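First the structure, in the form of structure tokens, and then the observations on it.
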Amino acid sequence: MCGTLMFAQSNNSDVDQVGSGNASVVSQTGMTNNSDVDQVGDTNDSDVMQNGVSNDSDVDQLGNDNEGDVIQLGDNNEADIHQGFGGGASVNDNNTASVSQDGNNNTGHIDQYGDTDGSDDNTSSIDQTGDNNYAYNSQNGDFNGSTQDQVGMSNTSWVFQSGDSNSSDVDQIGDSNFSWTNQVGDNNTSRVNSVGDDNDADVLQSGDGNWSYVRQQGFGLRNRNDGDVSQIGDNNYNYNWQDGDDNISDVDQTGDSNYVYSDQWGNFNNSDIDQDGDNNDAIVYQGYNGHENISVVDQDGDNNYSYVRQDTNGATGVGNNSSVTQTGDDNDSNVRQDGESNISDVDQTGDMNMSDVDQDGDMNDSDVDQLGDMNDATVDQDGNVNAAEIDQQGDSNLSSISQSGDNNYGINQQYGNSNMSDIDQTGNSNTAGVGQYGDMNQSDVDQVGDFNYGLTIQQGDSNYSTQNQVGNANTASTYQIGDSNISYVDQIGNNNGSFVWQQGTGNSSDVDQNGNGNGSNVTQTGDANLSVVTQDGTGHQSQVTSTGDNNQSYVDQDGMANNSSVSQMGDLHLSTVTQNGMLNNSIVDQDGFMHDSSVNQQGDFNMSTVDQNGTTHTSTVDQIGNSNSSSVTQND
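In our numbering, the protein residues as written are 579 to 1214.
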């Protein structure tokens, strides 16, 4: 055993030990002292204690089961511990190194490595208290462990580990601290915990089965903590947890089966997740009585899952924003926003993608864009001035928009075959538009409230459209191009208006209006089309126009002062008009060959006019009541 005790300044201590089981103790008090300890062998122990400023300690150990400890009290000190050095086939396993520094502007540096198969099962610890301190640790091998603790401001921590199953633990307390961790190998674990403001944590992991945990806590008005994690390899896991305002979480993962959990509590936080590979999961929580948060998720690969939750819990002046982009097949995106002025944007490219957006608050905006086959998109908004837009391209797409509140706007556009769209709105001044292009499309629009407007445009074959409106001043328009299309419009309320236009063969239109001042206009172009109009109330207007052959029109009006106009051009048309009430008017105009017209009016002061041009026509007028008039004109 060698012991040296010095109390002056500018002293120099040099200890060289070769062999096993040696021990060295160096104690220096003062300033600008220097200690150099070299130990070659196994189970050696070196202890250095320096009290003062501008002191330097250098410990070099080569071998196994060695221990090096340096304690420095004061400012501008430097401690270096090197375990494993030299050339050849040196192996350095089971070594322990620790540096403890109390003061400012200190530097702690630990290297643990080997030349052949690395340096395994080593343990490193750096503990610094003060400001502007610097800690660096480098380990090469398997099952190594590194711990760095810093208390103060403007401290810097560097950790580098190369090998398998390495572990790094960094704790920083104070402001403006920086932490950088680099792990290369398999099954690495990194933990970074910082308490304070303006802290920056960077983690880089390259290999398989990596795990990263970043915890940042701020206490000031503007915390501005930054957590940046990059993982390259397979089966990566990352958890970023930030408390406070103006925080940034950036996670980049490359490989398969990656997992990211980003948790931010506070205001003006930003979370950015980029995953490249298959079977990735991204979960983002923002808010907890916070606002003005931004979340961006970008996933490239197959079978990816993204969940974004932005919660305000009743906070005012909020304006959260979420953007999700998924490229690949079988992706799933779920966005949940609670608050005001929220914006959600989801973009999915691939097959069998699924998107679910739920917004609760005012002035929400959701935009979902899917490209591929068998996609599914659902948007649910509860609040005022909501807007939702879904654009799908591919086959067998399914889209649903549900809005509750005032001034809602929903639009759905689908490209492909066998598409289905469902829009449900409850509130005032709602607007719903559905555009479907392809075959066998189905659309259902249901609106309850005032000043609603529904528009459905379908192009293809065997399309199906249903619009149901309950309220005042509703308007429904349906356009269908193709064969065997079916349109149902049901309106209950006042001042409703419906316009249905169908082009093709074998189309069917059914309009049922219950209320006052309703108007219906049905236009069919093609053969074998069917139109049914039912109106209850006073002062209704029904107009049916069909061009083609073998078309049928049925108009049933119950009330008074209703008007029905049927115009059919072609051959073999059938028109049936039934009016119950007073002051009703029916006009039937048929041009072509072998038309059949039937008018049934019950009540007083009704008028029927039938004009048939062509040959082999049949007209039947049945009026029951007083002061009715009938006019039938048939021209060859």
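Where is the CB? At the ideal position from N, CA and C, for every residue including glycine.
The structure presented is a predicted model; accordingly, all values stated were derived computationally and were not measured.
Check	Outcome
If you run the structure through DSSP and keep just helix, strand and coil, what is glutamate 645?	strand
If you check the beta carbons only, do glutamine 877 and asparagine 909 fall under 8 Å apart?	yes
For tyrosine 791, which residues of its own chain have a beta-carbon under 6 Å away from its beta-carbon, when the five flanking residues on both sides are left out?	Arg769, Tyr817
Asparagine 1191 and serine 1206 - do their beta-carbons sit closer together than 8 Å?	Looking at the sequence shown, residue 1206 is not serine but asparagine. Against a cut-off of 8 Å, the Cβ pair of asparagine 1191 and asparagine 1206 comes out as no contact.
To which residues of the same chain is valine 829 closer than 6 Å at the C-beta, ignoring the five residues directly before and after it?	Val807, Asn816, Val838, Ile851
Which one of Asn611, Tyr866, Asn985 has the shortest CA to CA distance from alanine 657?	Asn611
Hey, could you find the ends of the beta strand (DSSP E) alanine 1010 is sitting in?	1009-1015
Considering only residues of the same chain and omitting the five flanking positions on each side of valine 1078, which have a CB-CB separation below 6 Å?	Thr1056, Ser1065, Ser1087, Val1100
By Cβ distance, which residues of its chain are closer than 7 Å to threonine 1116, with the 5 residues on each side in sequence left out?	Asn1094, Gly1137, Met1138, Ala1139
For aspartate 925 and glutamine 904, I'd like the C-alpha separation in whole angstroms.	6 Å
List the residues that DSSP assigns as beta-bridge partners of histidine 687.	Asp658, Tyr714
Quick one: give me the first and last residue of the beta strand (DSSP E) that leucine 640 is part of.	634-640
Can the beta-carbon of glycine 1016 be found closer than 8 Å to that of tyrosine 993?	yes
For the ligand HEM, is there any heavy atom lying closer than 7 Å to the beta carbon of asparagine 909?	Absence of the ligand HEM from the depicted structure is noted, as is the absence of any ligand whatsoever, leaving it without description.
Does valine 603 come out as helix, strand or coil in the three-state DSSP assignment?	strand
If you measure between the beta carbons of threonine 1083 and aspartate 1105, is that distance less than 8 Å?	yes
Does aspartate 1002 come out as helix, strand or coil in the three-state DSSP assignment?	strand
When the distance is taken between beta carbons, is valine 618 closer than 8 Å to serine 635?	no
Just the C-alpha distance for asparagine 912 and glutamine 1025, rounded to the nearest angstrom, thanks.	25 Å
For glycine 599, count the other beta carbons within 10 Å of its own beta carbon; 16 or more makes it buried, fewer makes it exposed. Which is it?	exposed
Going by alpha carbons, who is nearest to glycine 707 out of Gly652, Asn788, Asn825?	Contrary to the premise, residue 707 reads as threonine rather than glycine in this sequence. Here the closest residue by C-alpha is Gly652.
Is the CB-CB distance between methionine 952 and aspartate 923 below 8 Å?	no
Three-state secondary structure (DSSP) at glutamine 587?	coil
Could you tell me the distance, in whole angstroms, from the CA atom of glutamine 587 to the CA atom of asparagine 848?	51 Å
Within the same chain, show all residues whose beta-carbon is closer than 6 Å to that of serine 676, passing over the 5 residues directly before and after it, in chain order.	Asp647, Ser703
Using the C-alpha atoms, what's the distance from glutamine 1179 back to glutamine 1201?	5 Å
Is it buried or exposed for valine 1023, if we count other Cβ within 10 angstroms and need 16 for buried?	buried
At what residue ranges does the segment 853-934 contain a whole run of the beta strand (DSSP E), taking only runs of 3 or more?	859-865, 872-878, 883-889, 899-905, 910-916, 921-927
Taking the DSSP output, what are the residues bridged to serine 613?	Ser591, Ser635
With H, G and I counted as helix, E and B as strand and the rest as coil, what does DSSP make of asparagine 760?	strand
Since aspartate 1189 and aspartate 1167 are thought to touch, with beta carbons under 8 Å apart, how far apart are those beta carbons, to the nearest angstrom?	5 Å
Could you check how far apart the C-beta atoms of asparagine 642 and aspartate 620 are, in whole angstroms? I think they sit under 8 Å.	5 Å
Kindly provide the ranges of any alpha helix (DSSP H) runs that are 4 or more residues long and lie completely inside the segment 1149-1182, ordered along the chain.	none
Going by beta-carbon coordinates alone, are asparagine 1204 and methionine 1185 separated by less than 8 Å?	no
Measuring alpha carbon to alpha carbon, tell me which residue in Gln679, Ser740, Asn765 is nearest glutamine 726.	Gln679
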